[in-house]
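In full-length UniProt numbering, the protein residues as written are 1 to 293.
We treat Cβ as the ideally placed atom computed from N, Cα and C, and that holds for glycine.
As the structure is a prediction and not an experimental result, all values here were calculated from the model.
Next comes the structure, spelled out in structure tokens:
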């Protein structure tokens, strides 16, 4: 049996474990740490809610002999929980983004140096999608040639933007930022495509959609139900959408120059009527386009 514990038992960790158990029935979630386990309903519906709940991660690791610790806590707590897990000798699966700041990045690098990269798994799942696999195959066969430039975007529907305005992710201190929380999948994928690290980045953005003067209620056209489709509950959950206390942006553009000279332009917006997530990769021998939606 593969014994698994979780710190942060939200819907995402619950679903990740559910899929893991499908391909490995020997994987068993036996314990968790979370004062408000939002993933409980889904887990109970699928008969895997752990019977053991602990107050702290240290308490759980002192009692349970785990093979894997799943870190699904709010982003700003990931590093702390990863460190505690590694120090106890357990392998880590951490939700993305794995850390929220440059300072935490360097601290994580030291942990990786000390405990080895094989002991930390990150939930950047877009790299395993059919789109990513197909592009990787084209690159491996040299059908695109040298990668010259990329154009990409990720735009989300109003209900999804409303979720961000109400969820704990609305605070950069907790999430890291909107582009880090939501678009790290995409930027990870494009780094894989070019095969090296960014050299220079310029970026602009702000919050111009989800502001009080844009509330549809002021015009008497509609209520806010469309922005509250996602039933939000749990830590730091709020109902405010256009008058949210959020400090993240709702749109952002970035241009990136990579170490090998390849360039990327990226655009994200959290309030569009028709969401899309597209890319174009252009090389010296050909190009490939994709749409994740």
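Worksheet item: How big is the Cα-Cα spacing for residue 138 and residue 196?
Response: Taking the first residue of the chain shown as 1, we reach residue 138 at position 138. Taking the first residue of the chain shown as 1, we reach residue 196 at position 196. One C-alpha to the other measures close to 17 Å.
Item to complete: Return the first residue and the last residue of the beta strand (DSSP E) that residue 279 is part of.
Response: Translated into the one-based positions of the chain shown, residue 279 becomes position 279. 276-283 is the span of the beta strand (DSSP E), which, as asked, contains residue 279.
Discussion item. On the criterion of 16 or more Cβ atoms from any shown chain inside 10 Å, does residue 276 qualify as buried, or is it exposed?
Written reply: As a first step, residue 276 must be located in the chain shown, where it is residue number 276. Exposed, by the Cβ-count rule.
Worksheet item: Can you check whether the CB of residue 9 is closer than 8 Å to the CB of residue 32?
Response: As a position in the chain shown, residue 32 is number 32, starting the count at 1. As a position in the chain shown, residue 9 is number 9, starting the count at 1. Yes, the Cβ-Cβ distance between residue 32 and residue 9 is below 8 Å.
Item to complete: Mind reading off the beta-carbon distance from residue 167 to residue 232? Whole number of angstroms is fine, and I expect it under 8 Å.
Response: In the chain shown, counting from the first residue as 1, residue 167 sits at position 167. In the chain shown, counting from the first residue as 1, residue 232 sits at position 232. Contact holds; Cβ gap of about 6 Å.
Practice prompt. Given a cut-off of 8 Å, decide if residue 284 and residue 148 are closer than it, judged by their beta-carbon atoms.
Written response: Position 148 of the chain shown holds residue 148. Position 284 of the chain shown holds residue 284. Yes, these two residues count as a Cβ contact at 8 Å.
Practice prompt. Go through the segment 114-145 residue by residue and report every complete run of the alpha helix (DSSP H) that reaches 4 residues or more, in order.
Written response: 130-140
Item to complete: Identify every residue that forms a DSSP beta bridge with residue 269.
Response: For the purposes of this step, residue 269 is taken as the residue at position 269 of the chain shown. DSSP output for residue 269 lists 155 and 251 as bridge partner(s).
Worksheet entry | Euclidean distance between Cα positions of residue 5 and residue 104 | For the purposes of this step, residue 5 is taken as the residue at position 5 of the chain shown. For the purposes of this step, residue 104 is taken as the residue at position 104 of the chain shown. Going by the C-alpha atoms only, they are around 24 Å apart.
Worksheet entry | Inter-stretch contact (C-beta, 8 Å, three-pair minimum) for the segment 83-97 and the segment 114-132 | yes
Worksheet item: Would residue 187 be called buried (16 or more neighbouring beta carbons within 10 Å of its own) or exposed?
Response: Numbered from its first residue, the chain shown carries residue 187 at position 187. The residue is buried, with at least 16 neighbouring Cβ atoms inside 10 Å.
Item to complete: Would you tell me roughly how many angstroms separate the C-alpha atoms of residue 254 and residue 246, rounded to the nearest one?
Response: Along the chain shown, one-based indexing puts residue 254 at 254. Along the chain shown, one-based indexing puts residue 246 at 246. Taking the straight line joining both Cα atoms gives about 21 Å.
Fill in: residue 282 versus residue 288: straight-line alpha-carbon distance, rounded
By one-based count along the chain shown, residue 282 stands at place 282. By one-based count along the chain shown, residue 288 stands at place 288. Annotation: residue 282 to residue 288 spans about 7 Å, alpha carbon to alpha carbon.
Worksheet item: Using the rule of at least 16 other Cβ atoms within 10 Å of the residue's Cβ for burial, across every protein chain shown, is residue 204 buried or exposed?
Response: Taking the chain shown and counting its residues from 1, one reaches residue 204 at position 204. With fewer than 16 other Cβ atoms within 10 Å, it is exposed.
Practice prompt. Tell me where the alpha helix (DSSP H) around residue 99 begins and ends.
Written response: Taking the first residue of the chain shown as position 1, residue 99 is located at position 99. Per DSSP, residue 99 belongs to no alpha helix (DSSP H) and is neither H nor E.
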